[in-house]
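These protein sequence lines are chains A and B, in that order.
Residues in the first sequence are numbered from 690 upward in steps of one, following the numbering used here.
Residues in the second sequence are numbered from 690 upward in steps of one, following the numbering used here.
Glycine included, each C-beta is placed from N, C-alpha and C at the ideal position.
Protein chains: 2
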Amino acid sequence: MPVLIVGSIALDTVKTPVEEHADLLGGSASYSAVSASFFTDARLVGIVGDDFPSAHVDYFKSRRIDLAGLQQVAGSSFRWSGEYMTDMNTRETRSVALNVFEHFTPHLPESYRQTPYVLLANIAPSLQSHVLDQMARPRFIVADTMDLWITIAKADLLALLARVDLLILNDSEAKMLTDETNLIKAAAMIRGYGPAYVAIKKGEHGCLLFGDSTKDEFFSCPAFPLANLHDPTGAGDCFAGGLIGALARADEETVTFEALKKAVVSGSVVASYNVEAFSLERLRSLQPADIESRYAEFERISRF
Amino acid sequence: MPVLIVGSIALDTVKTPVEEHADLLGGSASYSAVSASFFTDARLVGIVGDDFPSAHVDYFKSRRIDLAGLQQVAGSSFRWSGEYMTDMNTRETRSVALNVFEHFTPHLPESYRQTPYVLLANIAPSLQSHVLDQMARPRFIVADTMDLWITIAKADLLALLARVDLLILNDSEAKMLTDETNLIKAAAMIRGYGPAYVAIKKGEHGCLLFGDSTKDEFFSCPAFPLANLHDPTGAGDCFAGGLIGALARADEETVTFEALKKAVVSGSVVASYNVEAFSLERLRSLQPADIESRYAEFERISRF
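Here's what the structure looks like:
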């Protein structure tokens with residue numbers, strides 16, 4: 690079944706302790722949609738300016754991503770620039786230019802409105818809600834978010850959470866959202882805000898998936914051991930895209946915790962590949978067999 | 690098969706954000722030996738003063754721990770006092786009084802010298818080496834350490850590492866020892882110092898076990914999800930004790946990576962129980978069936 694993905698589409702400048710690259714394809718929707726496209730058909734909703742390289746559009750097309758929901762308007766594309774510190778775990782945003790993104794209102798083509806699986810990738814929660822307003826009740830809705838929205842748009846975020854099935858966020862964001870330092874308690878609180886499921890990403894420490902604790906719905910997903918991280922940008926977006934893609938491919942009548950666990954691993958697999966090179970470069974050569982073999986590696990490193 | 694455990698035996702004063710308790714049974718050897726005793730017979734090597742409560746000695750005896758290597762001498766027992774901050778992940782040592790521990794030289798009774806499994810729990814690396822000097826070549830030697838020894842006795846520690854099979858340390862210590870921020874690279878460097886295996890503890894993020902990478906020997910052990918931590922003191926010691934105890938119980942001719950993975954889980958199980966109450970209180974009521982059921986939980990939360 691297809692997935693609808695809304696989020697940002699950006700031109701990124703990324704600096705790490707060893708390299709710097711400019712005008713890279715970036716943005717939460719770009720990473721998520723390409724990641725999801727390894728599992729199922731993706732429908733993209735986003736906006737770019739008239740400076741957006743046609744090569745990037747062609748890449749989306751080569752991944753069979755539906756671009757009916759991609760708006761291209763006069764002006765400059767959204768630009769983001771960030772720098773990673775020595776340990777690659779700390780990131781500083783150097784500049785953000787919203788440009789055409791500043792007045793973005795996601796508008797869903799008629800052909801998108803019945804999409805059963807939805808990923809609201811990281812953008813303002815009011816825009817995420819606006820997408821849901823235009824849809825028939827999807828089978829499963831995943832939302833990603835970030836610290837910025839918890840700080841400046843918490844009410845919007847809480848309003849959104851009442852409508853989603855799974856919230857993805859990282860450990861520091863979970864603590865920030867709940868004012869709770871224990872992640873087990875934080876996840877229980879977030880489930881109280883609406884989502885039946887919560888995935889807490891912990892970077893190099895993997896990911897925790899929480900469901901109904903009375904049914905023992907808890908899963909600890911390991912991180913793949915990587916000696917060399919080249920660019921962590923988009924890892925979370927690839928995780929979310931792979932997760933929703935794997936769920937859509939499984940396409941259960943009612944999404945089970947078992948399917949969610951497998952989807953979390955699938956998302957982790959794509960994310961682990963993505964950080965091996967800058968921007969989306971690694972995914973350009975990624976093959977389905979690569980995904981299968983690393984999925985098996987995840988099984989091997991966690992089995993005892 | 691029996692295990693020999695050498696380390697500190699202390700009277701602890703522990704303060705958490707909600708509680709404070711004084712004169713608790715503590716020390717690396719105490720925690721490790723009690724933990725190991727759930728799996729096999731433990732032989733203790735350590736020193737206490739004449740103020741050491743006989744109730745604590747009786748508790749060791751109730752766990753069938755061999756005390757032939759326990760020296761009781763005139764003077765005060767080793768005392769340690771520490772405080773945990775709000776998130777329970779940060780600890781500050783408030784005071785240390787070495788007392789009788791200052792002039793401790795571990796002396797092994799004849800009956801200990803052929804012990805096949807050895808845990809050199811956290812004490813000065815020169816003392817750990819001194820224990821090995823008195824032994825026939827054991828089948829498997831595990832050493833634990835801490836940041837203090839990396840700072841003040843790195844040469845002694847490196848000399849020890851050439852003689853041990855498995856080094857246990859936490860993530861910050863692994864980075865400190867190797868000047869390397871990536872744990873995969875740090876573990877490979879530590880293996881280069883001698884130990885065939887390295888276990889890197891990551892607190893609430895679980896533990897990584899590294900062996901021969903050309904044989905894909907890597908294991909990511911999850912942490913048990915705990916909403917309430919009452920006292921993290923001794924968690925690492927219980928982990929080490931459970932690990933060596935489980936290895937000794939399995940007693941393979943040559944210790945395999947498969948057995949080490951299971952031993953890491955067994956150690957994690959005991960550690961996860963230990964933090965549920967102050968000092969060794971939770972272990973006093975712990976039953977073998979509890980260990981089995983939580984071991985099964987570790988399987989459940991990591992299976993997909």
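Taking each of Pro827/B, Leu969/B, Met690/B, Phe829/B in turn and checking the Cα distance to Asp926/B, the smallest one comes out for Leu969/B. Nearest C-alpha to Ile830/B among Asp836/B, Ile839/B, Val820/B, Leu837/B: Val820/B. Residue Asn859/B holds the alpha-carbon nearest to the alpha-carbon of Asp836/B among Asp845/B, Asn859/B, Leu975/B.
Residue environment: Gly881/A is assigned as exposed (fewer than 16 neighbouring CB atoms within 10 Å of its CB, all protein chains considered). Interface flag for Phe829/B against chain A is unset, since no Cβ pair is found closer than 7 angstroms. Ranked by Cα distance from Ala924/B, the first of Ala937/B, Ser957/B, Asp901/B, Ala863/B is Ser957/B. Of all C-beta pairs linking the segment 758 to 769 of chain B to the segment 695 to 713 of chain B, three or more are shorter than 8 angstroms, placing the two stretches in contact.
Going by DSSP, Asn859/B is part of no alpha helix (DSSP H) but of the beta strand (DSSP E) stretching over 855 to 859. When the Cα atoms are used, Val785/B and Gly716/B turn out to be separated by approximately 12 angstroms. With contacts defined as CB atoms closer than 7 angstroms, Ile933/A and Ala810/A fail to qualify as a contacting pair.
Scanning Ile889/B, Ala885/B, Leu855/B for the CA closest to the CA of Asn871/B turns up Ile889/B.
As the crow flies, the alpha-carbon of Arg973/B is around 12 angstroms from that of Asp747/B. Within chain B, no C-beta atom comes nearer than 8 angstroms to that of Asp901/A; the closest sits roughly 14 angstroms away.
Taking a Cβ-Cβ cut-off of 7 angstroms, the neighbours of Pro914/A in chain B comprise Ile873, Phe907, given in sequence order.
Non-local C-beta neighbours of Ala757/B in its own chain, meaning closer than 8 angstroms and more than five positions away in sequence, comprise Arg732, Pro798, Ser800, Tyr801, ordered along the chain.
Around the beta-carbon of Ile841/A, fewer than 16 other beta-carbon atoms lie within 10 Å, marking it exposed.
Relative to Glu893/B, the option among Pro884/A, Ala885/A, Phe928/A, Ser909/A whose CA is nearest is Ser909/A.
Contact of His819/A with chain B is not assigned, every C-beta pair being separated by 7 angstroms or more. Secondary structure remark: continuous beta strand (DSSP E) runs of at least 3 residues inside the segment 691 to 741 of chain B, in chain order: 692 to 695, 699 to 704, 709 to 715, 731 to 738. When 9 angstroms is used as the limit between beta carbons, Ser991/B is near these residues of chain A: Phe908, Ser909, Cys910, Pro911, Ser991, Arg992, Phe993, in chain order.
Partner residues in the beta bridge of Cys910/A, as assigned by DSSP, are Cys896/A. Nearest neighbour of Ile990/B by Cα position, chosen from Leu850/A, Val959/A, Glu906/A, turns out to be Glu906/A.
Within the same chain, and ignoring the five residues on either side of Phe741/B in sequence, the residues whose Cβ sits closer than 6 angstroms to its Cβ are Ser766.
For Glu772/B, the beta-bridge partners assigned by DSSP are Lys704/B, Glu781/B.
The alpha-carbon of Asp712/A is positioned some 47 angstroms away from that of Leu918/B. What Lys951/A touches in chain B, judged by beta-carbon distance under 7 angstroms, is Phe993, going in chain order. Residue environment analysis places Arg826/A among the exposed positions, since fewer than 16 neighbouring C-beta atoms fall within 10 angstroms of its C-beta. Along the length of the segment 793 to 846 of chain B, whole beta strand (DSSP E) runs at least 3 residues long occupy 806 to 809, 829 to 833, reported in chain order. DSSP lists no bridge partner for Leu756/B.
Listed by position along chain A, the residues whose Cβ is nearer than 9 angstroms to that of Val954/B are Phe993.
For Phe967/B against His710/B, the beta-carbon gap comes to about 5 angstroms, under 8 angstroms, which counts as contact. Counting the other Cβ atoms within 10 Å of the Cβ of Ser955/B gives 16 or more, which makes it buried. The beta carbons of Ile839/A and Met865/A sit about 5 angstroms from each other, so the pair counts as a contact at 8 angstroms.
In the three-state reduction of the DSSP assignment, Phe767/A falls in the strand class.
With respect to the 7 angstroms criterion, Leu898/A and Val953/A are classified as neighbours on the basis of their beta carbons. Under a 10 Å Cβ-count criterion, Thr867/A is classified as buried, with 16 or more other Cβ atoms of the shown protein chains found around its own Cβ.
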